[in-house]
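**Student:** Provided herewith is a single structure, encoded as structure tokens, for subsequent inquiry.
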Amino acid sequence: MSLPEFAVQVEQLSYTYMKGTPFQHDALYDVYFHARSGECVAIIGHTGSGKSTLIQHLNGLLLPQTGQVNVLGYELSKSKHLQSEIRRQVVVLFQQPEDQLFEKYVADDIAYGPLQYGLSKKEVIQRVKHAMDFVGLPFETMRNRPIYALSGGQKRKVALAGLLALDPRVLVLDEPTAGLDPMSRQELLYKIKRLSRDEGRTIIFVTHSMEEVALLADRVYVLADGSNVADGTTREIFAKRELIHRYRIGTPQSVELVHTLIANGYDMNSSTFGVEETVAEVSKLLHQEVG
Amino acid sequence: MSSNPGIRKIVIAGVLGSIAILLGVTQLGFIPVPTAAGTVTIVHIPVIVGAVLEGWGVGTAIGLIFGVTSLLESTIPLFKDPLVAIVPRLFIGLIAYLIYAALKRKNEYIAIGAAGFIGSITNTVLVLTAAVLRNYLSLEVAVSVGLTNGIPEAIVSVIITTAVVAGWKKLTPSRKQKAKLLSEEVEG
Amino acid sequence: MAEAFDSARHITIGQYMPGRSLIHQWDSRYKLAAFTLYIGAVAFCQSYAGNIAGLAISLFIVFLARIPIGYALKGLKPALPFLLILALLQLLFNGKVYANGQVYWQYGFIWLTEGGIRLVIVSTMRFVEMMLLVSVLTLTTTTTQLARAMHSLLRPLEKLKVPVHAFCMMITIALRFVPTFALEMDKIRKAQAARGASFGTIPWWRIIKRTQSVFPLIIPLFQLALQRAEQLIAAMESRGYRSHGRTSFRSFEARTADVLLLFVAVGAAYLLIWL
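Chains as they are written, first to last, in our numbering: chain A, 78 to 368; chain B, 2 to 189; chain C, 20 to 294.
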């Protein structure tokens, strides 16, 4: 089966929690969102902007109250019986995933998902091996380790491996690096990049960190108060200075530097972003000044 | 036991009591099965875990919470009687702890499992006994329910209690060192 | 973030229905004592007369508390099938106990006796009474009031070296954490569902699979609970928590009406036992 052009298409999605009760809360209003197959899309926004609600629609944990959610060609509200199939192809890594590990040994927890889908033991072992090696927990040495003996970062790798073992087309990650030390963060981001660039999986991730967006994302969606505020390529979004300040999203240091220089009258390309690019542009500037 | 149990016991009892309430109030505590009683319960497990971790006082206290929740939330008329809902549950903690303490020196892992098993059986036996004594059930009915429900419940209890307590205390069984996945020959 | 409460809204340990009825305003210490006594009496009442009186009194209490009778009886609906099955079983199989009384019919194990019939009717009445009483108590008293009432009533036991304060602290902690753990349970359920765990879709006859599907939910829940416990212990210890010599922000004061009502309740209980 060939890949559809759009892995995820969300149109006019609205969702209200506890509808009809005095605690009613509009989480999403008329939201749209698209991710092409193989793309890496970031979702940014403040707490309460509706990010988590949107994410839960992507694999059918929540069904749209109004609007359409189309995932890998399946129209979500209609295909209730395909729910488990969708969950195999679109996996979600929630925040603090290390809390959800329940088996005793590493290999068993990772194998849980594939086994639930009825794969043969031989195949499951293959998948577990592949997943473990990918995340950086070598199968040969780590498979029989008791999970309680692992560090937080390692446990998170186990959780991720558990999802990878399902061989999903789409990975949705909710603040995947939250709470990790800088080195583990870098490692994880690098792995996510590999999943996107090398393995061609569609990646959708939620983050507060613009550095991560700059590093990984092809396109960005900005949400606030349950609605779309802006979307575009990463470059486009970073160039929109007023937007960034209005929603106090914060920018990577490199972009801040560029904007400050422009504000002080230096002639620079305002859509510069990324460390290497910024260094190149600033070097050019310096040469001009000196020469 | 002094009149001032340490903070540890109070908090553990409170937290596990909270789980007991939660399990009793939502359907998580009851696994529907096609047997006489209709469900296999796991609500008694926090009682056993509390007893093993912090002693019989804690176990009894959680048992009380379990009993009262059962009294308040159950739809089965059987459990509206305090003598059936509360009194038997007070003993789960005590017995589970005794079993655990007795076997602990030999092999802690097995001690936990045994506590889980016997604790569950205690719940089944004492509750059914109370029901018979209060004339809600006849002896024959009670025995059949006890066997068809009690055994599966006890097995589930062992699995969960061991997983939780051994995991928390970071124990490993002396024999098993391998993941289940890899413990058999790979099929060709 | 109201989204978090989506499932937690179903968790109500005995709902509280605000009101200004006599029962609502009854000092919760006396109320708790009175109810406990009365419920105890009901539990032991075996006669027709006693139970009819009991039922009448219970209904009267519901009326006093200004609770719509339909609402109080709502809890009966789900119990109906069980009631019927239980009644049938009792009628057929427990009759043997009363074989020395009047026997109407007998066949093998099945004895239809006068005592058996009385048992069934009395049990059912008792059940209804209990339901009404417990409902009224929880509907008219908030959990805070109940907790404080319990603490107050049990205090004299401290002289016997019973750890009353510890017990009440435990109850407070337990109640306080219920919504928290409900939220966590929700999170865990979603995370596990997102990786292939199947809840509620397993056919009823696959007992083993159904039982196994509970593990990925319950085990992380316990682990989480124990982690929170450790955090709380550390926090309490570092703030110098001591169980003696603690003071409260609000205090109780009893009025004559409160005490009078207690005597009325005692009277009612006595009546029941006597009948």
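Glycine included, every Cβ here is placed at the ideal spot set by N, Cα and C.
Given the structure is predicted, the values throughout are model-derived calculations rather than measurements.
From residue 110/A to residue 245/A, what does the alpha carbon distance come to, in whole angstroms?
**Tutor:** 20 Å
**Student:** Drop a sphere of 10 angstroms on the beta-carbon of residue 151/B, count the other beta-carbons inside from all chains shown, and report buried for 16 or more, exposed for fewer.
**Tutor:** buried
**Student:** Would you tell me roughly how many angstroms separate the C-alpha atoms of residue 141/B and residue 121/B, rounded to the nearest one?
**Tutor:** 20 Å
**Student:** Mind checking which residues open and close the alpha helix (DSSP H) that includes residue 124/B?
**Tutor:** 109 to 134
**Student:** Applying the 10 Å Cβ sphere with the 16-neighbour rule, what's the burial state of residue 260/A?
**Tutor:** Classification of residue 260/A: exposed, given that the 10 Å Cβ count is below 16.
**Student:** Among the residues of its own chain, which have a CB less than 6 Å from the CB of residue 53/C, if the five just before and after it don't count?
**Tutor:** 281 and 284
**Student:** For a contact meaning CB atoms closer than 7 Å, what does residue 125/C contact in chain B?
**Tutor:** The premise fails here: residue 125/C is roughly 15 Å from chain B at the closest Cβ pair, so nothing lies under 7 Å.
**Student:** What residue range is occupied by the uninterrupted beta strand (DSSP E) comprising residue 83/A?
**Tutor:** 83 to 94
**Student:** Restricting to Cα atoms, I'd like to know which of 236/A, 337/A and 184/A is closest to residue 180/B.
**Tutor:** 184/A
**Student:** Are the CB atoms of residue 89/B and residue 127/B within a distance shorter than 7 Å?
**Tutor:** When the beta-carbon positions are compared, residue 127/B and residue 89/B come within less than 7 Å of each other.
**Student:** When the Cβ atoms of the stretch 246 to 265 of chain A are set against those of the stretch 305 to 316 of chain A, are three or more pairs found closer than 8 Å?
**Tutor:** Result no; under three Cβ-Cβ pairs closer than 8 Å.
**Student:** Exposed or buried, which one is residue 188/B when buried takes at least 16 other CB atoms within 10 Å?
**Tutor:** Because residue 188/B carries a pLDDT of 32, less than 50, the predicted location of this residue cannot be relied on, and the following value inherits that uncertainty. It is exposed - the Cβ of residue 188/B has fewer than 16 other Cβ atoms within 10 Å.
**Student:** List the residues of chain C whose Cβ lies closer than 8 Å to the Cβ of residue 16/B, in chain order.
**Tutor:** 192, 193, 196, 244, 245, 247, 248 and 251
**Student:** What are the start and end residues of the beta strand (DSSP E) that includes residue 43/C?
**Tutor:** Here residue 43/C belongs to no beta strand (DSSP E); instead the alpha helix (DSSP H) covers 41 to 44.
**Student:** Can a CB atom of chain A be found closer than 7 Å to the CB of residue 182/B?
**Tutor:** Yes, because at least one Cβ of chain A sits closer than 7 Å to the Cβ of residue 182/B.
**Student:** Who are the Cβ neighbours of residue 101/B in its own chain at under 8 Å, not counting the five residues just before and after it?
**Tutor:** Here the set comprises 52, 53, 112, 113, 115 and 116.
**Student:** Straight-line CA distance for residue 198/C to residue 81/C?
**Tutor:** 29 Å
**Student:** Just to confirm before moving on: does the CB-CB distance between residue 119/A and residue 84/A stay below 7 Å?
**Tutor:** No, Cβ-Cβ distance for residue 119/A and residue 84/A is not below 7 Å.
**Student:** Going by beta carbon distance, what residues of the same chain come within less than 6 Å of residue 92/A, once the five residues before and after it are set aside?
**Tutor:** 104, 105, 130 and 142.
**Student:** On the three-state DSSP scale, how would you describe residue 113/A?
**Tutor:** strand
**Student:** Which runs of the alpha helix (DSSP H), 4 residues or longer, sit entirely within the stretch 57 to 85 of chain C?
**Tutor:** 67 to 83
**Student:** In this structure, does DSSP put residue 180/A in helix, strand or coil?
**Tutor:** coil
**Student:** Pick out whichever of 225/A, 219/A, 148/A and 187/A has its Cα sitting closest to the Cα of residue 243/C.
**Tutor:** 225/A
**Student:** Rounded to the nearest angstrom, what separates residue 161/B and residue 206/C at their Cα positions?
**Tutor:** 20 Å
**Student:** Residue 18/C versus chain A: which residues are under 8 Å apart at the beta carbon?
**Tutor:** With chain C covering only 20 through 294, there is no way to say anything about residue 18/C.
**Student:** Give the straight-line distance between the Cα atoms of residue 139/C and residue 110/C, rounded to the nearest whole angstrom.
**Tutor:** 6 Å
**Student:** CA-CA distance, residue 209/A and residue 139/A?
**Tutor:** 30 Å
**Student:** Considering Cα atoms alone, identify which of 249/C, 210/C and 38/C is closest to residue 239/C.
**Tutor:** Nearest C-alpha to residue 239/C among 249/C, 210/C and 38/C: 210/C.
**Student:** Flag this pair as yes or no: are the beta carbons of residue 91/C and residue 154/C separated by less than 7 Å?
**Tutor:** yes
**Student:** Report, in whole angstroms, the separation of the C-beta atoms of residue 285/A and residue 121/A, which I expect to be a contact under 8 Å.
**Tutor:** Here residue 285/A really is in contact with residue 121/A; their C-beta atoms are around 7 Å apart, less than 8 Å.
**Student:** When you check each C-beta in the stretch 147 to 158 of chain C against every C-beta of chain B, which residues fall closer than 8 Å?
**Tutor:** For the stretch 147 to 158 of chain C, which is checked against every Cβ of chain B, the residues closer than 8 Å are 149, 150, 153 and 157.
**Student:** Alpha carbon to alpha carbon, how far is residue 173/C from residue 21/B? Give it in angstroms, no decimals.
**Tutor:** 23 Å
**Student:** Whose Cβ in chain B lies nearer than 8 Å to the Cβ of residue 108/C?
**Tutor:** 138, 139 and 142
**Student:** Check whether the Cβ atoms of residue 159/C and residue 42/C sit closer than 7 Å, and answer yes or no.
**Tutor:** yes
**Student:** With 16 as the cutoff for other CB atoms within 10 Å, does residue 104/C come out buried or exposed?
**Tutor:** exposed
**Student:** Can you find a C-beta in chain A that's less than 7 Å from the C-beta of residue 157/B?
**Tutor:** No - not a single Cβ of chain A is within 7 Å of the one on residue 157/B.
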